[in-house]
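If you count by the numbering used here, then the sequence shown holds residues 1019 to 1315, one letter each, in order. The beta carbon of each residue, even a glycine, is placed where N, CA and C say it ideally should be. Scroll down for the structure; my scribbles are underneath it.
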Amino acid sequence: MPLPIPEPREAGFTTTTPVPLYWVRYGTPGKPRLILLHGGPGADHRYLLPQMLHLARDYDLMLYDQRGGGRSRAENNAPVTWRDHVADLAAICHENDIGAPSLLGYSWGGMLALLYSIAALDDRAVPEPARLVLMSPAPVTSEYRAEFDASLRNRGNAPVIVEERTRLMASDLRDTDPAAYRQRIFELGVAGYFSNPANAVNLTPFRVVGRVQQSTWESLGQFDLRPDIERLRQKARIVHGRDDPIPPASSVDVARALQADLVLLDRCGHVPYVERPQELWEAIDPFLASTDAAASE
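Listed below in structure tokens is the structure:
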């Protein structure tokens, strides 16, 4: 079962974004600030926790629920686009006096970090990031996204997962323990993201607001971010599981375009902070520490 999530040091809502965005802070004030971007789109920050609070030991860590998800729900059903997400992140930086944000993006959050960095090249209103960590970043071309969709469908229909789903449907758990039933439904729903489907039990449950996810991806059209990524000059570190349904080739292309190091984790799917946390920290911590040192010189 997922571990409990500690209460944040601070929490609140933004006041300068079109939709108030819920944010939390962990760690110690005065330490280097780091913004952690969740995936989705249309999800919320909590499913990165408690595992990613490892970063709160050395950083003033901020997370927020992106527009349309979690506690950042819009009052209307207006489509949410990638440009909205970029503008929201820029507003958060301005509101919190963060002139050169350090961004750690997971899954869709990795793509958001890239889109934000690309926008900062041509828009002075977007504070340029100081550095990027991309963890299991979303596919950076339409073709890679199609490969991911097909792979995830196939993995979700693997015999072991189908068998477990059939067993659950035939049980009386729904009536005898509704909470356990909902938890098991969630685990089987995300099992295809894992190298070992049994590891899904340790992921904090979440839901994705489908209309937000759909409108955000549709706003990208037929996309290929690689030419724009080649224009970026941030120091970056990329971490990707070899068994991720998102093609590792996508992160290979990103690493080449950024001239950045790519760490491929063995026996790891899309959720390294659950499946391979120690290897993840070994990939991320030295990079952050070295760029902290460079910034202080």
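Burial state of residue i (16 or more Cβ within 10 Å)
i, result
"Arg1200", "exposed"
"Leu1054", "buried"
"Gly1030", "exposed"
"Thr1034", "exposed"
"Arg1171", "exposed"
"Gly1128", "buried"
"Ser1314", "In this prediction, Ser1314 has a pLDDT of 40, which is less than 50 and means its spatial position is unreliable; nothing more can be read from the coordinates."
"Pro1265", "buried"
"Pro1304", "exposed"
"Pro1196", "exposed"
"Ala1061", "buried"
"Ser1090", "buried"
"Ala1312", "With a pLDDT of 49 at Ala1312, under the threshold of 50, the predicted position of this residue should be treated as unreliable, and no value is reported."
"Gly1045", "buried"
"Met1080", "buried"
"His1164", "Checking the displayed sequence, the identity of residue 1164 turns out to be Ala instead of His. So Ala1164 ends up on the exposed side."
"Ala1307", "exposed"
"Asp1167", "exposed"
Identity of the residue in the options nearest residue i by Cα
i, options, result
"His1072", "Pro1263, Gly1060, Leu1298", "Leu1298"
"Pro1024", "Gly1060, Ala1074, Leu1039", "Ala1074"
"Glu1293", "Thr1033, Asp1261, Arg1085", "Asp1261"
"Gly1228", "Ser1135, Asp1193, Gly1058", "Gly1058"
"Leu1021", "Tyr1065, Gly1060, Leu1052", "Tyr1065"
"Ser1169", "Pro1263, Ile1110, Leu1280", "Pro1263"
"Ile1203", "Phe1212, Tyr1211, Ser1213, Arg1192", "Arg1192"
"Ala1108", "Ile1136, Asn1094, Arg1089", "Ile1136"
"Val1226", "Gly1088, Thr1046, Met1070, Leu1079", "Gly1088"
"Pro1047", "Asp1076, Pro1068, Met1070, Ala1164", "Asp1076"
"Gly1259", "Glu1181, Glu1236, Ser1213, Glu1165", "Ser1213"
"Arg1142", "Ser1160, Ala1164, Ala1118, Pro1097", "Ala1118"
"Val1257", "Leu1243, Val1272, Asp1078", "Val1272"
"Pro1038", "Ile1110, Leu1238, Thr1099", "Ile1110"
"Gly1174", "Tyr1211, Trp1041, Thr1099, Asn1095", "Tyr1211"
"Asp1242", "Glu1146, Pro1157, Ala1176, Val1281", "Pro1157"
"Pro1097", "Arg1251, Gln1231, Gln1240, Asp1279", "Gln1231"
"Tyr1291", "Val1281, Ser1268, Leu1221", "Leu1221"
Residue range of the unbroken beta strand (DSSP E) whose run includes residue i
i, result
"Val1151", "1149 to 1153"
"Ser1120", "1120 to 1124"
"Val1257", "1253 to 1259"
"Ile1320", "In the structure as shown, the chain begins at 1019 and stops at 1315. Residue 1320 is therefore absent and cannot be evaluated."
"Leu1276", "No beta strand (DSSP E) holds Leu1276; the alpha helix (DSSP H) holding it covers 1266 to 1276."
"Asp1279", "1279 to 1283"
"Pro1244", "Reading off the sequence shown, one finds Arg at residue 1244, where the question assumed Pro. Counting along the chain, Arg1244 falls outside any beta strand (DSSP E), though it belongs to the alpha helix (DSSP H) covering 1244 to 1247."
"Asp1078", "1078 to 1082"
"Val1037", "Where Val1037 is concerned, there is no enclosing beta strand (DSSP E), given that its DSSP letter is neither H nor E."
Continuous alpha helix (DSSP H) stretch holding residue i: start and end
i, result
"Phe1166", "1160 to 1174"
"Phe1031", "That residue, Phe1031, is in no alpha helix (DSSP H); its beta strand (DSSP E) goes 1028 to 1031."
"Arg1101", "1100 to 1113"
"Ala1143", "That residue, Ala1143, is in no alpha helix (DSSP H); it is neither H nor E in DSSP."
"Ser1237", "1228 to 1238"
"Tyr1291", "1290 to 1293"
"Met1187", "1177 to 1188"
"Tyr1199", "1196 to 1208"
"Asp1062", "Per DSSP, Asp1062 belongs to no alpha helix (DSSP H) and is neither H nor E."
Integer Cβ distance of residue i from residue j, believed to fall under 8 Å
i, j, result
"Arg1043", "Pro1026", "6 Å"
"Arg1255", "Ala1278", "6 Å"
"Thr1234", "Thr1099", "6 Å"
Check: residue i C-beta below 7 Å from any heavy atom of the ligand NAP
i, result
"Gly1045", "What this structure holds is no ligand at all, so the ligand NAP is not there to describe."
Looking at C-beta atoms only, is the number of pairs between the region 1240 to 1249 and the region 1204 to 1216 that lie closer than 8 Å three or more?
-> Below 8 Å, too few C-beta pairs join the region 1240 to 1249 and the region 1204 to 1216 to call them touching: fewer than three.
Check whether the region 1149 to 1169 touches the region 1116 to 1125, counting contact only when three or more Cβ pairs, one atom from each stretch, lie closer than 8 Å.
-> Segments in contact, yes.
Per the contact definition of three or more C-beta pairs closer than 8 Å, is the region 1213 to 1221 in contact with the region 1277 to 1288?
-> The region 1277 to 1288 is in contact with the region 1213 to 1221.
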